[in-house]
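Just so you know, the protein sequences line up as chains A and B, in that order. The working numbering puts the last residue of the first sequence at 255; the count rises by one with no breaks. The working numbering puts the last residue of the second sequence at 234; the count rises by one with no breaks. Think of the CB as a built atom: it goes at the ideal place given N, C-alpha and C, for glycine as much as any other residue. Just below is one structure, and these are the notes that go with it.
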Amino acid sequence: MSRRLITRRTALQGLASSAVVTLAGCAMNEPPTYGNVLRMGDWLTYNAHRLLLPRQALAREYDLSDISNAPAIGTTDPTDPGQPGFVQEFAEDYERFVRAGFDDWRLTVEGSVSKPGSFSLEDLKRMRSRTQITRHTCEEGWSAIMQWTGVPLRAVLEAAGIRDDARFVQFHCYDAFVDGIDMFDALHPQTILAYGMNGRELPVAHGAPLRVRVETQLGYKSMKYLRGLVVTSEFDDNGPYGMIQNGYSWYAGI
Amino acid sequence: MSVTPQRQALWVRVCHWLLALSIFTLAYSGFYVLMAHPRLYWGEVGNDLTPSLLDLPLNDNYRPEAWRENATFNTLPHKPVSASRTFEIFNENGWARSLHFLAAWFFVVIGAAYFALGVVTKHVARDLLPGGAGPYSAVQRYAYTGVAFVLLPFMALAGLAMSPRVAAAFPVLLDVFGGYQTARTLHFAGLVLLAVFVVGHVALAVLTGFGRHLRAMVVGR
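Printed below as a string of structure tokens:
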């Protein structure tokens with residue numbers, strides 16, 4: 002008797018959860034479950050984190066003496082045609098920025114904001130800043146501790162006016178890649194747009210002049226070489242430039 | 014030597030095989046994840062520019078000579094450096110990590126069901142814990158108890174300590190394990206212990222009548 006009850010309950014729970022998965026996939030206000038079965042696990046992890054870990058807990062911060070040697074991987078020079086993220090027109094722009102010390106570089110902010118526009122590096126440096134010494138956890142398995150100085154993403158979004166329908170922030174970069182985070186992570190106090198590293202200007206290999214730091218996710222969400230932010234009301238997998246079509250989980254809080 | 018197999022309830026058999034499948038998938042996908050960076054460290058930090066505890070000879074992803082220095086942070090007393098990688102590594106982590114977590118979800122859900130049913134039906138107290146009334150020997154009891162209630166939960170916790178989001182919510186995990194890289198190293202050590210157990214487990218079944226043991230664990234007699 003008890004055996005049968007458990008079987009029925011398990012079957013019902015399975016049905017209920019697969020219905021939720023299907024619905025969420027259609028609504029497109031969450032990372033999709035399409036593609037293959039692996040995305041279902043990603044979806045489960047994402048929702049379990051958001052449901053069970055609702056507080057904006059801070060990632061551990063370290064001391065100056067903990068700062069370690071630091072690898073730079075992925076795109077380390079947007080002007081190098083041999084790198085996977087190379088885009089000719091971005092490379093030309095980027096080369097010009099480097100020559101001018103990023104004086105004419107601007108960060109565009111558009112989408113679900115009331116005042117779309119752009120910010121120079123000086124504009125961003127005049128806004129409130131945050132310095133944090135955190136552990137970069139690469140999806141490959143290595144880690145490094147570095148100090149980052151930048152403007153909280155929240156401050157930039159608030160300057161541009163966050164509209165009620167804002168759900169995601171997409172990062173467009175001077176390499177080919179585009180990726181995004183939800184507003185929960187975008188408003189996290191440690192999610193900053195960093196222009197300084199270990200007490201000096203952000204080096205080119207680490208994403209000059211501005212990169213994202215998302216300390217509650219794996220390193221690949223901390224996009225380098227920022228070009229612009231697009232605030233969206235719906236989930237966007239960013240097609241061939243996004244993580245999902247490249248075989249990676251969109252959510253990397255794991 | 015032939016030993017009469019222990020009769021197992023249906024739920025024990027179902028849980029056994031689903032857990033076996035999820036643990037095999039975890040080991041398989043986990044090994045792929047390890048291959049992307051086959052170096053193990055102690056503490057919070059470890060990368061191609063720092064010394065390791067152990068370099069596993071799995072592939073040639075570790076090529077210290079092929080990194081190009083791009084910055085020295087002179088203002089810090091210990092002058093840490095930064096360097097760029099100049100080569101492509103073997104990395105199948107996209108599918109491997111997602112498969113690892115999909116299997117981990119199965120493992121956690123079925124493991125929890127197994128534990129709950131095991132306590133309620135007294136399967137755990139009678140058959141597994143040392144000193145119980147069932148037919149298993151003391152060695153078997155220590156092995157089963159050690160794997161099911163010590164090693165596997167330890168592996169899950171070490172895995173959670175490696176999650177940036179979970180470690181932010183529960184920084185005590187980093188304190189208990191002594192850092193991200195220590196947790197990663199112990200997670201791998203756990204895999205080695207688990208492999209030793211599986212080899213012994215299967216070897217004992219083979220030595221004492223594999224067909225009968227396999228049938229007993231599938232159809233129950």
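Which residues DSSP lists as bridging residue i, in chain order
i	result
GLY1/A	With chain A covering 2 to 255 only, the question about residue 1/A has no answer from this structure.
THR135/A	MET147/A
ILE102/B	Note: ILE102/B sits in no beta bridge, so no partner.
PRO241/A	PRO241/A is not bridged to any residue.
GLY109/A	In the sequence on display, residue 109/A carries Thr and not Gly. Per DSSP, SER119/A, GLY229/A.
ALA96/B	PRO72/A, GLU82/B
LEU194/A	VAL152/A, VAL213/A
LEU53/B	LEU67/B
ARG201/A	MET198/A
VAL114/A	ILE163/A
GLY59/B	SER144/A
Residue i versus the options, residue with shortest Cα-Cα distance
i	options	result
GLY146/A	PRO153/A, GLN133/A, LEU154/A, ARG155/A	One detail in the question is off: residue 146/A reads as Ile in this sequence, not Gly. ILE146/A has its Cα closest to that of GLN133/A, out of PRO153/A, GLN133/A, LEU154/A, ARG155/A.
LEU1/A	LEU188/A, TYR249/A, THR150/A, ALA92/A	Residue 1/A lies beyond the range of chain A shown here (2 to 255); nothing can be said about it.
ASP166/A	GLU141/A, MET198/A, VAL232/A	VAL232/A
VAL179/B	PRO32/A, ASP43/A, ALA49/A	ALA49/A
PHE178/A	PHE87/A, ALA101/A, LEU219/A	PHE87/A
TRP106/A	GLY200/A, TYR226/A, ILE255/A, SER69/A	TYR226/A
ALA92/A	ALA209/A, ASP81/A, GLY229/A	ASP81/A
TYR221/A	MET198/A, LEU203/A, ILE245/A, ARG168/A	ILE245/A
THR138/A	MET48/B, VAL58/B, PRO143/B	VAL58/B
SER130/A	GLY142/A, TYR252/A, ARG155/A, LEU230/A	ARG155/A
THR77/A	ASP104/A, ALA161/A, GLU123/A, MET224/A	MET224/A
GLY42/A	HIS29/B, PHE114/B, LEU207/B	PHE114/B
ASN247/A	SER111/B, LEU71/B, ASP61/B, GLY131/B	SER111/B
ASN255/B	PRO79/A, GLU202/A, MET128/A	This structure cannot speak to residue 255/B, because chain B is shown only from 14 to 234.
PRO85/A	PHE100/B, SER95/B, ALA96/B	PHE100/B
ALA116/B	MET175/B, PHE210/B, THR38/B	THR38/B
HIS127/B	VAL189/B, PRO18/B, ALA161/B	Sequence check: residue 127/B is Tyr here, not His. The option with the nearest alpha carbon to TYR127/B is ALA161/B.
SER95/B	GLY107/B, LEU71/B, ASP61/B	ASP61/B
PRO93/B	GLY229/A, ARG214/A, GLY200/A	GLY200/A
MET128/A	ALA160/A, GLN89/A, PHE103/A	ALA160/A
CYS28/B	VAL163/B, ALA208/B, ALA129/B	ALA129/B
ARG136/A	ASP64/A, ALA206/A, GLU235/A	ASP64/A
THR54/B	PHE201/B, SER42/B, LEU227/B	The identity of residue 54/B in the sequence shown is Tyr, whereas the question assumes Thr. Nearest C-alpha to TYR54/B: PHE201/B.
PHE44/B	ALA208/B, VAL189/B, VAL212/B, GLY145/B	ALA208/B
PHE103/A	GLY240/A, LEU219/A, GLU111/A, GLU123/A	GLU123/A
Rounded Cβ spacing between residue i and residue j (contact assumed at less than 8 Å)
i	j	result
ALA40/B	LEU204/B	6 Å
ALA181/B	THR217/A	5 Å
MET168/B	ARG26/B	Between ARG26/B and MET168/B the Cβ distance is about 23 Å, and since that is not below 8 Å, they are no contact.
ARG98/B	TRP118/B	Not really, about 32 Å apart at Cβ, beyond 8 Å.
VAL46/B	GLY254/A	About 16 Å; that fails the 8 Å criterion.
LEU211/A	LEU108/A	6 Å
ASN104/B	ALA73/A	Their Cβ separation, rounded to whole angstroms, is 16 Å, which puts ASN104/B and ALA73/A out of contact at 8 Å.
VAL114/A	ARG164/A	6 Å
TYR47/A	TYR252/A	4 Å
LEU71/B	PRO51/B	4 Å
ARG61/A	GLY151/A	Not a contact, Cβ separation roughly 18 Å.
LEU23/B	GLY233/B	7 Å
ALA174/B	LEU186/B	4 Å
Members of the stretch 49-79 of chain B that neighbour chain A once the beta carbon cut-off is set at 7 Å: ALA49, HIS50, GLU57, VAL58, GLY59, ASN60, ASP61, LEU62, THR63
Inter-stretch contact (C-beta, 8 Å, three-pair minimum) for the stretch 182-190 of chain A and the stretch 163-172 of chain A: yes
Given 8 Å, three or more beta-carbon pairs between the stretch 50-59 of chain A and the stretch 109-120 of chain A: no
Residues from the stretch 41-68 of chain A in contact with chain B, defined by Cβ distance under 8 Å: MET41, GLY42, ASP43, LEU45, THR46, HIS50, LEU54, ARG56, ALA58, LEU59, ALA60, ARG61, TYR63, LEU65, SER66, ASP67, ILE68
Residues of the stretch 117-140 of chain A whose Cβ lies closer than 8 Å to any Cβ of chain B, in chain order: ARG136, THR138, CYS139, GLU140
Contact list for the stretch 177-188 of chain B against chain A, Cβ threshold 9 Å: PRO177, ARG178, VAL179, ALA180, ALA181, ALA182, PHE183, PRO184, LEU187
Contact set between the stretch 80-108 of chain A and chain B, restricted to residues whose Cβ is under 7 Å from the partner: none
Under 8 Å (Cβ pairs) to chain A, residues found in the stretch 96-112 of chain B: ALA96, SER97, ARG98, ILE102, ASN104, ASN106, GLY107, TRP108, ARG110, SER111, LEU112
contact_flag[the stretch 88-101 of chain A, the stretch 221-229 of chain B] where n(CB pairs < 8 Å) is 3 or more: no
Positions along the stretch 142-163 of chain A whose CB lies within less than 7 Å of some CB in chain B: GLY142, TRP143, SER144, ALA145, ILE146
Segment contact, 8 Å Cβ cut-off, at least three pairs: the stretch 192-199 of chain B with the stretch 144-162 of chain B: no
The stretch 122-140 of chain B touching the stretch 69-78 of chain B, judged by at least three CB pairs closer than 8 Å: no
Under 8 Å (Cβ pairs) to chain B, residues found in the stretch 216-227 of chain A: GLU216, THR217, GLN218, LEU219
Cβ contact (3+ pairs, closer than 8 Å) linking the stretch 136-156 of chain A and the stretch 55-72 of chain A: yes
Where the stretch 193-217 of chain A meets chain B: residues whose CB sits under 9 Å from a CB there: MET198, ASN199, GLY200, ARG201, PRO204, VAL205, ALA206, HIS207, VAL215, GLU216, THR217
Positions along the stretch 117-151 of chain B whose CB lies within less than 7 Å of some CB in chain A: TRP118
Members of the stretch 196-219 of chain B near chain A, C-beta cut-off 8 Å: ARG197
Chain-ordered residues of the stretch 80-96 of chain B with a beta carbon less than 8 Å from chain A: TRP80, ASN83, ALA84, PHE86, THR88, LEU89, PRO90, HIS91, PRO93, VAL94, SER95, ALA96
Interface residues of the stretch 29-48 of chain B facing chain A [CB-CB below 8 Å]: VAL46, LEU47
Members of the stretch 149-168 of chain B near chain A, C-beta cut-off 7 Å: none
Residues, ordered as in the chain, of the stretch 231-244 of chain A that lie near chain B by beta-carbon distance below 7 Å: none
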